[in-house]
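Enquirer: Residue numbers are given in our numbering: position 265 of the sequence shown equals residue 409, and the series is strictly consecutive. Glycine included, each C-beta is placed from N, C-alpha and C at the ideal position. On a predicted model such as this, the values are computed, not experimentally measured, just so you know.
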Amino acid sequence: MSQKLVIKNIGQMLSGKMEDPILDADCLIAIDGKIAQWGKERDLDCDGADTVVDAKGVTLAPGLIDSHIHPVVGDYTPRQQQLHWIDSTLNGGVTTLISAGEVHMPGRPKDVVGLKAMAIAAQRWYENFRPSGVKVHAGAPVIEHGMEEQDFKDLADAGVTLMGEVGLGTVKDGKTARQMVDWARKYGIQSTIHTGGPSIPGSGLIDADMVLETGTDVVGHINGGHSALPDDQIICLCESCKAALEIVHNGNERAALLTLNTARELGKLDQVILGTDGPAGSGVQPLGILRMIAMLSSLGNVPAEIAFCFGNGNTARQRKLDTGLIEAGFCADFVLMDQAQHAPGNTLLESVQLGNLPGVGMTIIDGVVRTGRSRNTPPANRLPEVVTG
Ligand SMILES: [Zn+2]
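#1: On the three-state DSSP scale, how would you describe Q377?
#2: Run through the DSSP bridge pairs and tell me what K184 is partnered with.
#3: For a test of your reading of the model: does the CB of D613 fall under 7 Å from any non-hydrogen atom of ligand 1? Yes or no.
#4: Would you mind reading off the limits of the alpha helix (DSSP H) that contains D231?
#5: For D219 and P275, which I take to be in contact (beta-carbon distance under 8 Å), what is that distance rounded to the nearest angstrom?
#6: For ligand 1, I want to know if E309 counts as a neighbour, meaning its beta carbon is within less than 7 Å of at least one of the ligand's heavy atoms.
#7: Are any of the Cβ atoms in chain C nearer than 8 Å to that of G468?
#8: Run the CB neighbour count on F273, radius 10 Å, all protein chains shown included, and call it buried at 16 or more, exposed below.
#9: Report yes or no: do three or more beta-carbon pairs, one from the region 231-250 and one from the region 427-436, lie closer than 8 Å?
#10: Does ligand 1 have even one heavy atom less than 7 Å from the beta-carbon of H365?
#11: May I ask you to check if the CB of H338 is nearer than 7 Å to at least one heavy atom of ligand 1?
#12: Taking only the alpha-carbon atoms, compute the straight-line gap between K260 and P285 and give it to the nearest angstrom.
#13: Of all the options V363, I264, V256, V280, which has the alpha carbon lying nearest to the alpha carbon of E293?
#14: With respect to the beta strand (DSSP E) encompassing G308, which residues constitute its N-terminal and C-terminal limits?
#15: Please classify G192 as buried or exposed, where buried requires at least 16 neighbouring CB atoms within 10 angstroms.
#16: Quick check on V531: buried or exposed, where buried means 16 or more other Cβ atoms within 10 Å of its Cβ?
#17: Nearest-angstrom Cα distance between N394 and A424?
#18: Please determine whether the Cβ atom of G369 lies at a distance below 7 Å from any heavy atom of ligand 1.
#19: By the three-class DSSP mapping on this structure, what secondary structure does A399 have?
#20: Determine the direct distance from the alpha carbon of I209 to that of G422, and round the result to whole angstroms.
#21: So is the beta-carbon of S343 under 7 Å away from any non-hydrogen atom of ligand 1?
#22: Going by beta carbon distance, what residues of the same chain come within less than 7 Å of G364, once the five residues before and after it are set aside?
#23: Could you name the residues that DSSP lists as bridge partners for S347?
#24: Using the beta-carbon count (16 or more within 10 Å), is N456 buried or exposed?
#25: DSSP state of E357, grouped into three classes?
#26: Three Cβ pairs or more, each shorter than 8 Å: is that satisfied between the region 464-472 and the region 511-524?
#27: Report all residues from its chain with a CB closer than 6 Å to the CB of Q334; omit the five preceding and five following residues, and keep chain order.
#28: Just verifying my parser: in three-state terms, what is the DSSP assignment at F454?
#29: Measuring CA to CA, which of I154, N500, D168, K330 is closest to D198?
#30: Between G318 and A476, what straight-line distance do the alpha-carbon atoms span, to the nearest angstrom?
Quick look at the structure:
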């Protein structure tokens, strides 16, 4: 028996696509957790639904994606001794998390066999257990000297698809890093790099030359984590890189705006993606992606509907995920939100462009309602409701 979800009375539908960010639709249908149809309710077959959500006129967007996190195990991080940080993040509208390395694991193995074993285990434990339903793509080994091509093949064969940030391990030179990134890419493993100054004791500086020589798929926290590179190096990276330009919450806000403005001048806004880099020294950021969207939209003069694309569709495309876009066959992962109570502006998008956070009223993952009114965002004007199911 297939499961049918109908979401009606959607006030506004954001697509995640910069080229067409707002869809003319008030209804969406998902079958077995995948997006099937959207459009005007009168044109769609809404009969026989197992679950009906009355959106009450609020905005629906593809679930937000955090491109840069450092998970360890389950919904616990030893970094700040914090429980349920992933559940809190879901309450911030984020439905997918991508690991940049499980670097906060106490006693993290640094020998080759040990780091491979941990990466494979981390990939497995988050595949087998989704905290509050959130999709955590983890198992991102931090490269160390001594790794050979066969190690990357072994990792890929075992299901590893990501590499931790280059620079967090002992490999600090561009030549060795480039070789390992090339091996990783050969076997379908996506790579990222720690751009900027050291984050915590033990990590090091990675400058623009090293980023360019290494050639990762993502320029990890181009605005630093937290110490950013000098302006000329950030501009150089924006000019030279075809890779994703990742801006993080746990970074330098001024450098974030420099990246945004430079990318816009170069016509490269489609390369801008967002992460939190949490848990980190600055803590966990349950509203981090929403805060980045509001910050970039307001101070960077980006229409809010475009800024939302940085936090879902752009990341989905850069990282080849089947979520984050309103697209037939894509996962039915959504955030429903409305203008926060007493936030200035005439609409949700206007209020965000004025620097305010939206109020999250519901999250849905794989066609299943996961949360109602957020316990973390400011309260929304209107709240969606499950009417059948
Ligand atoms: Zn980093």
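Expert: Here's the rundown:
#1: Here Q377 sits in helix by DSSP.
#2: In the DSSP assignment, no residue is bridged to K184.
#3: Coverage of the chain is limited to positions 145 through 533, which leaves residue 613 absent and any answer about it impossible.
#4: First-last of the alpha helix (DSSP H) with D231: 229-234.
#5: Cβ atoms of D219 and P275 come within 8 Å of each other, at about 4 Å.
#6: At least one heavy atom of ligand 1 lies closer than 7 Å to the C-beta of E309.
#7: Note that chain C does not occur in the displayed structure, where there is just one protein chain.
#8: Taking a 10 Å sphere around the C-beta of F273, we find fewer than 16 other C-beta atoms and assign the residue as exposed.
#9: At 8 Å Cβ cutoff, the stretches touch.
#10: It does: the Cβ of H365 is within 7 Å (strictly closer) of some heavy atom of ligand 1.
#11: H338: yes, Cβ under 7 Å from ligand 1.
#12: Spanning the alpha carbons of K260 and P285 requires a straight line of approximately 7 Å.
#13: When only C-alpha atoms are compared, the closest one is V256.
#14: G308 -> beta strand (DSSP E) spans 306-310.
#15: Counting Cβ neighbours within 10 Å, G192 comes out exposed, since fewer than 16 surround it.
#16: Counting every other CB atom within 10 Å of its CB across the protein chains shown gives V531 a total below 16, marking it as exposed.
#17: If you take the alpha carbons of N394 and A424, they lie about 7 Å apart.
#18: Yes, ligand 1 has a heavy atom inside 7 Å of this Cβ.
#19: Here A399 carries a helix assignment [DSSP, helix/strand/coil].
#20: Roughly 13 Å separates the two Cα atoms.
#21: At least one heavy atom of ligand 1 falls within 7 Å of the beta-carbon of S343.
#22: Taken in chain order, the residues that qualify are H212, A244, E309, T336, I337, H338, T339, E390.
#23: In the DSSP assignment, S347 is bridged to P345.
#24: Looking at its Cβ environment, which holds 16 or more other Cβ atoms inside 10 Å, N456 is buried.
#25: In the displayed model, E357 falls within a helix according to three-state DSSP.
#26: Three or more Cβ pairs closer than 8 Å define a contact, and the region 464-472 falls short of that threshold against the region 511-524.
#27: L306, D361, listed in sequence order.
#28: F454: helix per DSSP, three-state reduction.
#29: Selection I154, N500, D168, K330 evaluated against D198 yields I154 as nearest (Cα-Cα).
#30: Take the alpha-carbon of G318 and the one of A476: they are about 40 Å apart.
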